[in-house]
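K.L.:
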Ligand SMILES: Nc1ncnc2c1ncn2[C@@H]1O[C@H](COP(=O)(O)OP(=O)(O)OP(=O)(O)O)[C@@H](O)[C@H]1O
Ligand SMILES: [Mg+2]
């Protein structure tokens, strides 16, 4: 599958490597090298990898601006992107129910025609086969994500070699952002501006009642 993606990227819509989408953060090196070597000024272009269905799995408890950054980047590249909320057995109690998480994600992606929201249980690779998806999209924030993501990607490849994991980097301003940190700030009554969409912030405030006396003074 890596081979297929690389070829699609090189061929592009019009058959030359200069049309690989700029600034996507997609972790495939060779088209980027082509761009650097060509030394021609290219107009901003975002191409779609035809027929590539990608699944973006996670717990999204709740969805953050970092997740949405990745969804937007993915939707500009893949033919279809399914954001798949996992019923996570190893993460303990979740703050939001699966339905609540799904509703928030649907509201935040309603304007993206090729993005669908779904839930799944069990092996991600089995779900990919069921959906006929050929890519798993994952985000890398910092080196700390790398080890876990590498292990998961390689194990998934061993289970289902037809599915390739593609990593994307968010905008720098989201590289420290996680659902866990958002839940913690919300539970302590701290500020959430810029971390989650307004709708998610409202839902978080409804869920979390703990307040610290000085928390509202923070920006
Ligand atoms: N700010 C972010 N930027 C880029 N990718 C992200 C960001 N937050 C999460 N991701 C990626 O989204 C995918 C799903 O992650 P997940 O649902 O576990 O979110 P999370 O923020 O890590 O939540 P938690 O803190 O509960 O683990 C993972 O590939 C993760 O690396
Ligand atoms: Mg996580």
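Numbering (this note's numbering), first residue to last: 7 to 225.
Each residue gets a CB set at the ideal place from its N, CA and C atoms; glycine is no exception.
Quantities reported herein were computed from a predicted structural model and do not represent experimental measurements.
Taking residue 136 as part of the alpha helix (DSSP H), name the residues at either end of that continuous run.
P.N.:
Counting from one through the chain shown, the residue named residue 136 turns up at place 130. From DSSP, the alpha helix (DSSP H) with residue 136 extends over 130–137.
K.L.:
For a minimum of 3 consecutive residues, which ranges assigned as the beta strand (DSSP E) are wholly contained in the segment 63–102?
P.N.:
For the segment 63–102, whole beta strand (DSSP E) runs of length 3 or above, ordered along the chain, are 84–92.
K.L.:
Under DSSP, the alpha helix (DSSP H) around residue 104 begins and ends at which residues?
P.N.:
In the chain shown, residue 104 corresponds to position 98, counting from 1. Note, residue 104: alpha helix (DSSP H), 104–115.
K.L.:
Assign residue 145 to one of two classes, buried (16 or more other C-beta atoms within 10 Å of its C-beta) or exposed (fewer than that).
P.N.:
Position 139 of the chain shown holds residue 145. Result: buried.
K.L.:
Is residue 184 close to ligand 2? I mean its beta-carbon at under 7 angstroms from any heavy atom of the ligand.
P.N.:
Reading the chain shown from its first residue, position 178 is the one you call residue 184. Result yes, Cβ under 7 angstroms from ligand 2.
K.L.:
Report the partner residues of residue 175 according to the DSSP bridge assignment.
P.N.:
By one-based count along the chain shown, residue 175 stands at place 169. DSSP output for residue 175 lists no bridge partner at all.
K.L.:
Is residue 117 a contact residue of ligand 1, with contact defined as CB to any heavy atom under 7 angstroms?
P.N.:
The count along the chain shown starts at 1 and reaches residue 117 at position 111. Checking every heavy atom of ligand 1 against the Cβ of residue 117, none is found closer than 7 angstroms.
K.L.:
So the candidates are 199, 59 and 65; which of them puts its Cα closest to the Cα of residue 99?
P.N.:
Position 93 of the chain shown holds residue 99. The candidate whose alpha carbon is nearest that of residue 99 is 65.
K.L.:
At a cut-off of 7 angstroms, is residue 124 close to ligand 1 when judged by its beta-carbon and the heavy atoms of the ligand?
P.N.:
Within the chain shown, the letter at position 118 stands for residue 124. No - ligand 1 has no heavy atom lying nearer than 7 angstroms to the Cβ of residue 124.
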